[in-house]
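Protein sequences appear in the order of chains A and B. Heads up, the first sequence is in the numbering used here, so the first residue is -9 and it goes up one at a time. Heads up, the second sequence is in the numbering used here, so the first residue is 25 and it goes up one at a time.
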Amino acid sequence: MHHWFQRLSTRTESNIPEIIPMKPAKSFDTTSNARSFCGFNLSWFCTASFCLLMTGMLQGSFGLSALNAEDNKQEPTPVGKPEIDPAIRYLAAANEALAINEKPAATEQGEYAEVPIQPIPDINYETQVKSFLTKYCIDCHGPDLQEGGLQLHDFDSVVSMREQRKTWKHLSQLVEISAMPPVDADPVPTKEEREQFVQIVDLALNYVDCSLAPDPGRVTIRRLNRNEYNNTVRDLVGLDLELVNKFPTDDVGEGFDNIGDVLSLSPILFEKYLNAAEYITSKVIVDEFLYNRFEQTWVGLQMDNYQKVEVRDDQVRVFNSNHTIQGNFTCYQTDTYDLVLDMEADQAGPDPAQMNVTLDGELVGEVQVKGKGKRAPHTIKVPITEGEHKFAISFVNDFQEKDENGKVTGDRNVRLFSFSALGSGPMDADKLPPYHREIIFCRPDEAHTAEECARLILDRFASRAYRRPATAEEVSRLVDLALLVIQDGKTFEEGIEQALHAVLVSPHFLFRVELDDHPDDPTLARKLSDYELASRLSYFIWSSMPDEELFSLAAKNQLHYQSVLESQVRRMIQDPKADALVSNFGGQWLNLRRLSEIHPDSRVFGEFYFRLALDIHKETELFFAHIMRENMSIFAFLDGDFTFINKRLAEHYGYDVEGRTNEDFELFPLTDLPRRGVLTQASVLLLTSNPDRTAPVKRGKWIMENILGEETPPPPPNVPPLEELAEAPQGETLREKFARHRADAGCASCHNVLDPLGFGLENFNVIGQWREKDGEFDVDASGVLPSGETFNGPLELVSLLKTREENFRQVLAEKMLVFATGRGLNVYDQCAVNEITDRLKKNDDRFFELVMGIVDSQPFQKRRGEEGK
Amino acid sequence: MTFTTQLKRRTFLRGLGVTMGLPLLEAMNRGTVPLAAAETASEVAAAAPTSMAIMFMPNGVIQKHWIPEQQGTDYTLPQSLTPLADFKSKINIFTNLGQDNGWAKGDGGGDHARSAATYLTGVHPYKTSGADIRNGISVDQVAALQLGDRTGLPSLELGIEGGRSAGSCDSGYSCAYSSNVSWKTPSLPMAKEINPKLVFDRLFGSRSTQSQARDAARKSILDMVSDDAARLRKKLGQTDRRKVEEYFSSVRELEQRIERRQGFNPELPADFQIPGMKPVDKTEHIRQMYDLLALAFQTDATRISTFMLGNAGSEQSYPMLEVFEGHHQLSHHENNDDKMAKLQRIDEYHVTQFTYFLNKLNSIQEGEGTLLDNSNDYVWKWIR
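Listed below in structure tokens is the structure:
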């Protein structure tokens, strides 16, 4: 069988040079050249990561063509072939050399192995479980009464318990915290009886023999969530179209929004996919034969000057006072362009709002925007020559109307929805932007029929979109679709666009498909193919599709070699795209994403505003990214004595820092300050507060769940929340209020842990600033845990938490395994988690070992069929 | 129409305009406002299509200012409902309705998630923060199943707050429960749209001249990918198969809509301003959504809609009412007068916005009546 990469490589060598002279072959190696190659005003809408990626992609494909040429013993086509950077050759050769002497471990790909049946723990249900139930529970939860819908008399064995794991887990928690049986019941179990019962239930539910061949579990087919979709499209077409906000947020399960079971596909979502497909091709494919002109549009963040001109909904630039936004424009062809400003203004005072447009510093247009909220396009015609240009858009006549009391009665503002440049055309084919040429690299001419070109184009595109070689049949159907459009009198490009739409809404693109020979047989497990492994890796670390290097290793079936895998993971972590792991894993593990929903009480914390909210989020992300890329110990999350701040944050925290700007965050040592790790960062402190006061229970709960990995059970039935207890006596501190709450036995068992942990952070107010007083009271940040350990203040709290190192390793390993596999964990997964935590422990708890431990784990590398339900 | 028994019950609702449901947990001793004189309106209704909009307001209400003290037609509007004075003759107020399945029933905390989940389904949602969400089909979707094929959109789901994106939303309940009231199937919530511009596009985006050509192009794509899905489906395990079936039915629905749309090309009112992205001002945001809802009914783009004025347990604050605390936090009011006064202001605020909507509907002539006469709108606040 021919791999698609071989087909691709043939194409890369023979077709591209003939049809599109790949001029900038020299621009692969340096940043500045990469910039010029990414070409179309990189600084506006290509992020740094995108540009690297773009060059990476090209490097990959050329490097790869060299490799495959050797594999096939073909002579590389000498004429017109793009020069290959020696460094890339070297890299490819090194990969090859590494891979060559290595044998893949364990099961071969494609083979199925039995998943052994886990033994049932040796428990006597009658004497060890049922006797307890009969004595203490069955009166209310048995044949006569089913309080709370719970009936326990139907259970007769450990197997029957395991069938209703949730019920038993909940039940055992309630017994453990003495919430059940209720205090007024008679008899009530002794402390020893409770402990023994809880232990037996734990054993019954969770016993697993890790010496048996492990069960890799079953992952439900995963739809791309909105971040993955956005990134995948970006990497597929080479243009970041910022599609995230065109899609609704995805449902969350197990704490993450990439869980196969939970991701659904409603009609509204499908329609959005179809709209997006049409939008994507309209942006990427320049249909010069239809429109005869070139068009490019910028919205929101794609326009420079982040600080002064507010971005709303990621789409609109709001000018509240006289400011300028600017950017670079790569003009591909000398032409007279329509520059279109889609704007509305708020009329105030006698004059309409005025916007000035300059090109390379020279005024080229003055646009007056009239009325209030009347959105309309405003066009100026400007001749622009081929090459790089700078332009700027300025609001020049801000105005405020005030009445005699000085109250503002009118404010002249402008909102800019988009800025577009439209050429009058026609474009020369070889001057089309690179992202267009990357996809349409073949046009029908004397040498190629439309069908031949369509086949080449669609084979490559579908194979990349489906993240595996497209089958000949799939390609043929796409080609037929394109040809139908062309035969209908449309252009070649329109035909291709139509087929691209079909690819972009295909289930093979929208879902991450992993096919089994025995999908309904849970006893047969198999190792993933290299293409499947490539996708698992890329969606884990990048939340996006594999790049050409991963694809090429998959095509050669070398990706699963241990040393290749390790070097790839290292490379991927260093790639800017790994920021996705920070925002998607980190953002959900630490709950940072909730920050945007939290609005501190503006009367108490008037100083807290939009920008600061973004800054505190960024602080924690940079902190996370630093630990990740510097391969630090994971315990730095807890006690890292540094952070990242800009000028605004320095002011917010009250640090005396000279010469810092708001744009650049820099590493800031916390050596002599009472702050360590994420717990003392404003982000976490804010998201665990109420809008107008700190919430020690929320902070305690956050620590329990995210740092210690202890699930806090929901309050037992019929326990009133804090707020509903009897009227608080006057002059009671928050701490005293909580103490009263804990006097209730049902609450005490949990709150004895939650409350002290949370109170340890009382020196930080809602928005994370240091304080010595809470209102009129002195802050008391001391605490005693049920174990008798004491602490005072945040630093001692952090040190105490660090002693629970096993808990922290485990919670991080579990959460990351959930994120990486896209499913909730099962009992058998504890074997994999144990292996990961052991590995961490033996390797100074380095971040890389965490990631690699997950990549090497059975749940990540294998899959099996599904058990019947 | 096919569902005759319901229809008979609906005929008494028809023409009465607005219905307000009030879940109360006392015995059913307060009656409903009896049938008001609406003969002419209901005759009109027989000709013009009847629409239904259901609103959801989170965190409950201050009942003292919400529930009228008298029964019958001669009653005093309580404080929070005073904005509705002009429409008093078109309102029915039902009290003593409650969703029994909103109670914990042994599942512990999570009343907010349960309130939204049971609201239109009547089903006790399965407590999970993950894999296995399970609720019931909601009443609007039952209606959409019956009537949806008559309009461009079977139903329209609107909201003010986006779905939460991290963590379980309420004491171990998946965020899906708190951020949706409309459920197409027990496991498939209908995601709501909060952005006015996108709502407009969804309703009318295809009116343009190129839309015919685009519809045709889309049909050929849909043909192809539904074929893809059918082939793929055969190779999958059962859970995966269900996921791909969701895909499949979404494709089918779009295909059907394209077919129905041929011939739907409504005139928009000349003065209708096409909305922009989500406004920062909450009142403006809510009103734009109501405008769109009225427009959707006016043009018969859909007849069934739900509108969430906040997610269950919403922490929105209302600075324009001098309410700076989060709504949910405030709703645990401990009978504190100040907090209750603020909550009452929020209640009244939402009724004011709702009245804006009623005014809008009432200003639109349809047949011999107004759009309002042909609509059933429900505001239903949930409190445990």
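We treat Cβ as the ideally placed atom computed from N, Cα and C, and that holds for glycine. This structure is a prediction, so every number in the text was calculated from the model and none was measured.
Buried or exposed, going by whether 16 or more other CB atoms sit within 10 Å of the CB of residue i?
| i | result |
| --- | --- |
| B:Met344 | exposed |
| A:Phe600 | exposed |
| B:Ala237 | exposed |
| A:Lys364 | exposed |
| B:Arg255 | exposed |
| A:Met842 | buried |
| A:Asp225 | buried |
| A:Pro179 | buried |
| A:Glu153 | exposed |
| A:Cys737 | buried |
| A:Asn696 | buried |
| A:Asp520 | buried |
| A:Gln(-4) | Confidence at A:Gln(-4) is low in this model, with a pLDDT of 35, below 50, so the placement of that residue is unreliable and no value is reported for it. |
| A:Lys156 | exposed |
From the options, pick the residue whose C-alpha is nearest to that of residue i; which is it?
| i | options | result |
| --- | --- | --- |
| A:Gly577 | A:Gln390, A:Pro681, A:Gly245 | A:Gly245 |
| A:Ala545 | A:Pro849, A:Arg454, A:Ile476, A:Val223 | A:Arg454 |
| A:Tyr818 | A:Ser847, A:Arg836, A:Trp579 | A:Ser847 |
| B:Tyr314 | B:Val275, B:Asn219, B:Lys88 | B:Asn219 |
| B:Val275 | A:Phe260, A:Pro373, A:Val674 | A:Phe260 |
| B:Pro102 | B:Met248, B:Met214, B:His89, B:Thr263 | B:His89 |
| B:Ser113 | B:Asp98, B:Trp127, B:Gln123, B:Leu121 | B:Asp98 |
| A:Thr115 | A:Leu527, A:Asn387, A:Thr287, A:Leu195 | With the sequence shown as reference, residue 115 of chain A is identified as Tyr, and Thr is not the correct amino acid for it. Of the listed residues, the one whose Cα sits closest to A:Tyr115 is A:Leu195. |
| A:Pro106 | A:Gln186, A:Val674, A:Pro206, A:Ala175 | A:Pro206 |
| B:Gly261 | A:Leu514, A:Glu539, A:Glu722 | A:Leu514 |
| A:Met806 | A:Asp247, A:Asp192, A:Ala335, A:Pro509 | A:Asp247 |
| A:Ala626 | A:Lys792, A:Pro459, A:Asp199 | A:Lys792 |
Going by DSSP, what residues sit across from residue i in a beta bridge?
| i | result |
| --- | --- |
| A:Trp288 | A:Phe409 |
| A:Arg854 | A:Ala515 |
| B:Trp90 | B:Trp90 is not bridged to any residue. |
| A:Gln344 | A:Gln358 |
| A:Trp579 | DSSP output for A:Trp579 lists no bridge partner at all. |
| A:Arg502 | A:Arg212 |
| B:Met416 | The structure shown has nothing for residue 416 of chain B, since chain B only spans 25 to 408. |
| A:Val398 | A:Lys392 |
| A:Ala382 | A:Gln316, A:Thr348 |
| A:Asp332 | A:Pro367, A:Ser408 |
| A:Cys127 | BP columns for A:Cys127 are empty, so no partner. |
| B:Ser75 | B:Ser399 |
My guess is that residue i and residue j are in contact by the Cβ rule of under 8 angstroms, so how many angstroms apart are they, rounded?
| i | j | result |
| --- | --- | --- |
| A:Pro342 | A:Val359 | 6 angstroms |
| A:Val890 | B:Ser202 | Past the edges of chain A, shown from -9 to 859, lies residue 890 of chain A, and the structure says nothing about it. |
| B:Ser77 | B:Ser399 | According to the sequence displayed, residue 77 of chain B carries Ala and not Ser. B:Ala77 to B:Ser399, Cβ: 7 angstroms. Contact. |
| A:Val769 | A:Glu762 | 6 angstroms |
| A:Asn329 | A:Ala411 | The amino acid at residue 329 of chain A is misidentified as Asn; the sequence shows Leu. Right, the Cβ-Cβ distance comes to about 6 angstroms (below 8 angstroms), so this counts as a contact. |
| B:Ile157 | A:Val252 | 7 angstroms |
List, in order along the chain, the chain B residues whose C-beta lies closer than 9 angstroms to that of residue i?
| i | result |
| --- | --- |
| A:Pro171 | Simply none; closest approach about 14 angstroms. |
| A:Arg365 | Gln297, Ile298, Gly300 |
Starting from the beta carbon of residue i, find every residue of chain A whose beta carbon is closer than 9 angstroms, and list them in chain order.
| i | result |
| --- | --- |
| B:Arg242 | Leu264, Glu268, His491 |
| B:Asp252 | Glu464, Arg467, Ala492, Ser496, Pro497, His498 |
Would you mind telling me which residues of chain C sit closer than 7 angstroms to residue i, beta carbon to beta carbon, in chain order?
| i | result |
| --- | --- |
| B:Gly337 | Chain labels in this structure do not include chain C; the protein chains are A and B. |
Going along chain A, which residues have a C-beta under 8 angstroms from residue i?
| i | result |
| --- | --- |
| B:Val163 | Near B:Val163 there are no residues of chain A at all, since even the closest Cβ is about 18 angstroms away, more than 8 angstroms. |
| B:Pro343 | Ser592 |
Mind pulling the chain A residues with CB within less than 7 angstroms of residue i?
| i | result |
| --- | --- |
| B:Gln103 | The premise fails here: B:Gln103 is roughly 24 angstroms from chain A at the closest Cβ pair, so nothing lies under 7 angstroms. |
So with CB distances below 7 angstroms, who are the chain B contacts of residue i?
| i | result |
| --- | --- |
| A:Thr210 | Thr263, Asp264, Lys267 |
| A:Pro257 | Ser274, Glu277, Leu278 |
| A:Leu471 | Ser244, Met248 |
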